[in-house]
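Quick notes on the structure that follows.
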Amino acid sequence: MDKLLLIIKREFIAKVRNKSFIVMTFLSPVLFIGIGVFVGYLSQMKSEQKKIAVHDETGKFVSKFKTDSEYKFINLSALDIKVIKDSIIKEHYDGLLQIPNISNNTLLARKIEYISNESPSVMFVSKLENTIAKELTNENFKAQELDTVKINKAKADVNISLAKATGEASVKGLNELKIGIGGAFGYLIMMFIVIYGNMVMRSVIEEKTTRIIEVIISSVKPFQLMMGKIIGTSLAGIIQFLIWAFLGLTALFILSSVFGLQVGATSGLEAEKAMKTAHAVIGSDIKLVLTELFDLPIATIIIAFIIYFIGGYFLYSSFYAAIGAAVDNETDSQQFLLPIIMPLILGVYIGFFTVMNDPHGTIATTFSFIPLTSPIVMLMRIPFGVPWWQIMLSILILFGTFFLVVWFASKIYRIGILMYGKKPSWKEMYKWLRY
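Here the sequence shown stands for residues 0 to 434, where the numbers follow numbering that gives the first Met the number 0.
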């Protein structure tokens, strides 16, 4: 135990004293904020307005196309169609909407063309189709001697209200909000597992290539060395988390002081006033959304995030440590990394495409128990409400698998750590497990 603690201390100090670790600890929040601001700036930038020529031989549709900030519709129905097409080729216009003069509306709907040098967006084409279809529909109504005014008045506007079985009101889009919260935590786990797992692998490769490992291995068991690296690196990661949390709270305090915002109990009246204003301007949905947010199991999500981060990190770091011991450089490790990263990516896809639609379905529930995907999938399910026994069972399976994987990984680590000059294969590593 003393040797294990010594290795943990050594790995932890080596990581936190590393210049790149120190720089990225303080630079990463700035980079994330900068990227967020840059993306927000790009989203607000408007693209150049496109000029769309309209050649409407019927004269019935050209006035229905409204110019906006994205598209400017120009009526060129009086010009020869060949002249307009030449202008399209010379890029004087971005596109040409050609509407022939056909009396049969059914045939006309199939003969309308949009001509351009580049493929238009699906949304733009859909906008054109809807505008023309609406006008043709009204003409068909008139041809059938139907009163369009009465038809429009007869249209029903259905708005289904959502409610819980307990009688409380609910709000639309809540599933998307929950999957967004769970997905953010799940993605963070995946990102940090990859980052810190690679740190463990690089540390093993570095000690192996410099032959330091031969001196260390003479004093401690390979299992102790591997566990020391995993735990020491995880502690460095936790320190990094705490620093980021402290920086975030400090930034929040500074912003609240500079802009005169009050945070905490003293802001209750202001929040109530803001709520009343939002309720009056937007509607009661805002209040329902905030109520649903406060009803989420926030404490469970945070605690589960910490536990699943530790369990997932320990599990995948065992793989990374074994790979680091088996290879001589990072280039040789690439063939072994894909099978490790694939379950993490699968967990993200399962979460976003399955959990949102059916959080308690068979697929989502099954993958929340599989240890390679449970750190991500279960975190995405928790905002929807998961029975405590499922969470506990998932955690027990995760840590139980970790101890099993460590036992197998230590066999590869024990032999691979002293192997030099030979590129390992899956077959070779399987032989090491049998020694």
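Built from N, CA and C at the ideal position, the CB exists for glycine as well. Just so we're clear, the structure is a prediction, and the values are computed from it rather than from any experiment.
Run through the DSSP bridge pairs and tell me what residue i is partnered with.
{"i": "G94", "result": "I51"}
{"i": "I114", "result": "L95"}
Classify residue i: buried if its beta carbon has 16 or more other beta carbons within 10 angstroms, exposed otherwise.
{"i": "D357", "result": "exposed"}
{"i": "H91", "result": "exposed"}
{"i": "G415", "result": "buried"}
{"i": "A279", "result": "Residue placement at A279 is poorly supported in this model, since its pLDDT is 45, which falls under 50; the coordinates still yield a value, given next. So A279 counts as exposed."}
{"i": "F31", "result": "exposed"}
{"i": "P342", "result": "buried"}
{"i": "S118", "result": "exposed"}
{"i": "S332", "result": "buried"}
{"i": "A155", "result": "exposed"}
{"i": "W431", "result": "buried"}
{"i": "M190", "result": "exposed"}
{"i": "A321", "result": "buried"}
{"i": "E144", "result": "exposed"}
{"i": "T364", "result": "buried"}
{"i": "D55", "result": "buried"}
{"i": "V157", "result": "exposed"}
{"i": "T372", "result": "buried"}
{"i": "T353", "result": "buried"}
{"i": "V38", "result": "exposed"}
Which of helix, strand or coil does DSSP assign to residue i?
{"i": "K426", "result": "helix"}
{"i": "N151", "result": "helix"}
{"i": "N74", "result": "strand"}
{"i": "I159", "result": "coil"}
{"i": "F64", "result": "coil"}
{"i": "V326", "result": "coil"}
{"i": "V219", "result": "coil"}
{"i": "T372", "result": "coil"}
{"i": "I227", "result": "Going by the sequence as given, residue 227 is Gly instead of Ile. Three-state result, G227: helix."}
{"i": "K14", "result": "helix"}
{"i": "L4", "result": "helix"}
{"i": "N103", "result": "coil"}
{"i": "N356", "result": "coil"}
{"i": "D79", "result": "coil"}
{"i": "P296", "result": "coil"}
{"i": "S202", "result": "helix"}
{"i": "S317", "result": "helix"}
{"i": "D146", "result": "coil"}
{"i": "S120", "result": "coil"}
{"i": "T233", "result": "Rather than Thr, the amino acid found at residue 233 in this sequence is Ser. Looking at S233 - three-state DSSP - the assignment turns out to be helix."}
{"i": "G384", "result": "coil"}
{"i": "E56", "result": "coil"}
{"i": "I414", "result": "helix"}
{"i": "T265", "result": "Model confidence at T265 stands at a pLDDT of 42, short of 50, so the residue's coordinates are unreliable and nothing is read from them."}
{"i": "S46", "result": "coil"}
{"i": "S86", "result": "helix"}
{"i": "R9", "result": "helix"}
{"i": "E175", "result": "helix"}
{"i": "E69", "result": "coil"}
{"i": "R433", "result": "helix"}
{"i": "S367", "result": "coil"}
{"i": "H278", "result": "With a pLDDT of 45 at H278, under the threshold of 50, the modelled position of that residue is not reliable, and the figure given next carries that caveat. Helix, per DSSP."}
{"i": "A270", "result": "Here the model assigns A270 a pLDDT of 44, short of 50, so the residue's position is not dependable, and the following value carries that caveat. In this structure, A270 counts as helix in the three-state DSSP scheme."}
I'd like to check one pair, residue j with residue i: are the Cβ atoms closer than 9 Å?
{"i": "Q48", "j": "S27", "result": "no"}
{"i": "G196", "j": "L3", "result": "no"}
{"i": "G181", "j": "L378", "result": "yes"}
{"i": "Y319", "j": "V199", "result": "yes"}
{"i": "S409", "j": "F222", "result": "yes"}
{"i": "G360", "j": "V376", "result": "no"}
{"i": "I83", "j": "I111", "result": "no"}
{"i": "F402", "j": "A235", "result": "no"}
{"i": "I87", "j": "Y70", "result": "no"}
{"i": "T232", "j": "K8", "result": "no"}
{"i": "F366", "j": "L392", "result": "no"}
{"i": "A325", "j": "F313", "result": "no"}
{"i": "S204", "j": "N328", "result": "The sequence given here has Ile at residue 204, not Ser. Taking 9 Å as the Cβ cut-off, I204 and N328 qualify as a contacting pair."}
{"i": "Y186", "j": "V347", "result": "yes"}
{"i": "L96", "j": "Y113", "result": "yes"}
{"i": "L397", "j": "P374", "result": "yes"}
{"i": "I390", "j": "A250", "result": "no"}
{"i": "V317", "j": "I229", "result": "Note that residue 317 is Ser in the sequence shown, not Val. Yes, they are a contact pair."}
{"i": "T57", "j": "N100", "result": "yes"}
{"i": "S202", "j": "G323", "result": "yes"}
{"i": "Y429", "j": "M225", "result": "no"}
Determine whether the Cβ of residue i lies closer than 9 Å to any Cβ atom of chain D.
{"i": "F335", "result": "Judged by its chain identifiers, the structure shown contains no chain D, having just a single protein chain."}
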